[in-house]
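Position one of the sequence shown corresponds to residue 17 (my numbering), numbered consecutively onward.
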Amino acid sequence: MSTTYQLPTINSTWCNVPINGEYYHRDEIRKAAYASNSESANEYFFKVALVCEPDNPYSKSGKAISVRNGNDILGYIPSDVAKTYYPEIARICASGTIAETNARLWISGDLFSPDPRMDLSIALLAPGLNVPLNNPPLDGWGLIPYGKPIQVTKESDHFDVLQDYVPESGKGPLFVTLHKANLGAKNVRVGVEVRLDGERIGELTKVSGEKMLPAIEHLDAQGLDAVCYATIQGSAIAAEVTLHLLRANEMDDESLNPEVAPLPQLVPFEPDPDDYSVPNAYISQRDDAAIKPSPEEKSFEHQTAAYVEPVAFATPVAGPPWEMLLSPDDSERATPFQRGYVRGQIGQHFPGNKAPRIDYATVNQCANILRYFDKSPDPLTQQGRGSNALWWTLMAVVFFLVALLSNIPVIGPVIAFIWLAVIIHHFVTRRGLKGPFGKQT
Numbered sequence: 017m018s019t020t021y022q023l024p025t026i027n028s029t030w031c032n033v034p035i036n037g038e039y040y041h042r043d044e045i046r047k048a049a050y051a052s053n054s055e056s057a058n059e060y061f062f063k064v065a066l067v068c069e070p071d072n073p074y075s076k077s078g079k080a081i082s083v084r085n086g087n088d089i090l091g092y093i094p095s096d097v098a099k100t101y102y103p104e105i106a107r108i109c110a111s112g113t114i115a116e117t118n119a120r121l122w123i124s125g126d127l128f129s130p131d132p133r134m135d136l137s138i139a140l141l142a143p144g145l146n147v148p149l150n151n152p153p154l155d156g157w158g159l160i161p162y163g164k165p166i167q168v169t170k171e172s173d174h175f176d177v178l179q180d181y182v183p184e185s186g187k188g189p190l191f192v193t194l195h196k197a198n199l200g201a202k203n204v205r206v207g208v209e210v211r212l213d214g215e216r217i218g219e220l221t222k223v224s225g226e227k228m229l230p231a232i233e234h235l236d237a238q239g240l241d242a243v244c245y246a247t248i249q250g251s252a253i254a255a256e257v258t259l260h261l262l263r264a265n266e267m268d269d270e271s272l273n274p275e276v277a278p279l280p281q282l283v284p285f286e287p288d289p290d291d292y293s294v295p296n297a298y299i300s301q302r303d304d305a306a307i308k309p310s311p312e313e314k315s316f317e318h319q320t321a322a323y324v325e326p327v328a329f330a331t332p333v334a335g336p337p338w339e340m341l342l343s344p345d346d347s348e349r350a351t352p353f354q355r356g357y358v359r360g361q362i363g364q365h366f367p368g369n370k371a372p373r374i375d376y377a378t379v380n381q382c383a384n385i386l387r388y389f390d391k392s393p394d395p396l397t398q399q400g401r402g403s404n405a406l407w408w409t410l411m412a413v414v415f416f417l418v419a420l421l422s423n424i425p426v427i428g429p430v431i432a433f434i435w436l437a438v439i440i441h442h443f444v445t446r447r448g449l450k451g452p453f454g455k456q457t
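Below is the structure:
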């Protein structure tokens, strides 16, 4: 039985959830992409693990989910999105197993170019539909891959069974088994019966059953029960079940000869995700031991160095989790003095001693950044750094001086033009800030 829990996906290339923080994990992403042996120079597909980090000190919600390749962090699911997926992934983590899904990396230029643009995304169904509420059988089963929907019929005859599976939200995923059976009381026909944890909950129509019977018979010949994904939607008085699976003619050789019992058993479903015992998993990226390459990683570095010869690239510093540090809060927007102080304190940790712009950071976010880099946040409120009035007074003085200098023949207008160009450039480039560095809502 597997120790990983592969989440359902639409297909092998479908990836719909963008990941934050690729810039600060470029070497780790390069490593994952390089190992994928992709034939494309701009697009790479590989598996990733999703790990809940209830102990992440930069997550205000406590619902952080990192995207990893082994022990390498590739990025984070955006905080507002992570909250919606956390209950399902938390259940997997609490079960002592690893949530796994597909990832797609799109890259501009060469994988090992000095400063490529990387867009990493992962595959997840809608929140609440990725991890079935019940467990699959213990053994002796094969999973029919996720696919287009098929409606189950005659569920109303089995509401006594279904009512116990309708979640509080009214909709949730299930595992069901499909069985070849004689259906009908008078006009008996061979069809497909649908069972939930061994109990009959309905059947497929004649047309739908004919599309699935060859696959069910093929798996049965291997001694396997046919398991597939389903969705239950209902209330206190009625429920409907829809299957999501490939038809027999859509299944490839791997699907027709599946791994036996490919998914592990999970702890029972809890309506409140806080009831799951999720292990701490945060990795401090400021810890030298955490970012020190293993022997295998060093070997990879040698391979990539040879691969990019004669072009060299600078290895970026293991960056902080900006999505967490710049998580929106209710504190006031930091003054330019405060933001400048923060960038000055942390600049040494970035290429060219240039920290990223934090034009929209709040006071609390500035404090979080300083704490991350082992700096005291106390100076943020000292020496007038928290005064907007002082800042605008300074700007008025500078404007007055530039106005005076502009009257100097020849050089004066040049100085005024340069000053004005700097101001315009600042505000124009501010509009282009993306991700957690952009304007917060």
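Ideal Cβ placement from N, Cα and C applies to all residues, glycine included.
Euclidean distance between Cα positions of residue 104 and residue 114: 12 Å
Pick from 153, 423, 161, 430 that is closest to residue 269, judged by C-alpha positions: 161
Which partner residues of residue 207 appear in the DSSP bridge assignment? 197
For residue 7, the first and last residue of its enclosing alpha helix (DSSP H): Outside the modelled stretch of the chain, which goes from 17 to 457, sits residue 7, for which no answer is possible.
Three or more C-beta pairs below 8 Å linking the region 379–394 and the region 418–438: no
Rounded Cβ spacing between residue 37 and residue 91 (contact assumed at less than 8 Å): 4 Å
Neighbourhood of residue 271 by C-beta, 6 Å cutoff - its chain only, sequence neighbours within 5 removed: 161
Taking Cβ to Cβ, would you say residue 255 is nearer than 7 Å to residue 182? yes
Whole-angstrom distance between residue 221 and residue 200, CA atom to CA atom: 11 Å
What are the start and end residues of the beta strand (DSSP E) that includes residue 122? 114–123
The alpha helix (DSSP H) with residue 134 in it runs from where to where? Per DSSP, residue 134 belongs to no alpha helix (DSSP H); it is in the beta strand (DSSP E), 134–138.
With H, G and I counted as helix, E and B as strand and the rest as coil, what does DSSP make of residue 426? coil
Opposite residue 258 in the DSSP bridges: which residues? 167, 247
Residue from 123, 106, 19, 135 with nearest C-alpha to residue 34: 135
Whose C-beta lies closer than 8 Å to the C-beta of residue 217 among residues of the same chain, with five residues either side of it excluded? 168, 171, 174, 177, 178, 192, 210, 211, 257
With DSSP collapsed to three states, give me the class of residue 63. strand
Span separating the alpha-carbon of residue 396 from that of residue 80: 27 Å
Where does residue 95 fall in DSSP's three states? helix
Please determine if the region 236–251 and the region 184–198 are in contact, where contact requires at least 3 C-beta pairs separated by less than 8 Å. yes
Terminal residues of the continuous beta strand (DSSP E) containing residue 30? From DSSP, residue 30 is part of no beta strand (DSSP E); its letter is neither H nor E.
On the CB-based measure, 16 or more other CB atoms within 10 Å of its CB, does residue 399 come out buried or exposed? exposed
Residue span of the beta strand (DSSP E) that contains residue 239, given as start and end: Counting along the chain, residue 239 falls outside any beta strand (DSSP E), and DSSP gives it neither H nor E.
I need the straight-line Cα distance from residue 184 to residue 287, nearest angstrom please. 8 Å
So, do the region 135–144 and the region 21–35 have three or more beta carbon pairs nearer to each other than 8 Å? yes
According to the Cβ coordinates, are residue 353 and residue 401 closer than 7 Å? yes
Exposed or buried, residue 205, counting other C-beta atoms within 10 Å across all chains shown (16 or more means buried)? exposed
From residue 249 to residue 186, what does the alpha carbon distance come to, in whole angstroms? 6 Å
Roughly how many whole angstroms lie between the Cα atoms of residue 77 and residue 343? 10 Å
Which residues does DSSP pair with residue 298 in a beta bridge? Answer by DSSP bridge pairing: none, since residue 298 is not bridged.
Answer yes if the region 274–284 comes into contact with the region 105–112, meaning at least three C-beta pairs across the two stretches below 8 Å, and no otherwise. yes
Residue 190 in three-state terms, based on DSSP: strand
Using C-beta distances below 6 Å, list every residue in its chain close to residue 371, excluding the 5 sequence neighbours before and after it, in chain order. 359, 362, 363
If we ignore side chains and look at the alpha-carbon of each, how far apart do residue 452 and residue 123 end up? 20 Å
According to the Cβ coordinates, are residue 357 and residue 456 closer than 7 Å? no
Residue 496, DSSP secondary structure in three states: Any question about residue 496 goes unanswered here, given that the chain covers just 17 to 457.
Residue 22 lies in the beta strand (DSSP E); which residues open and close that run? 20–22
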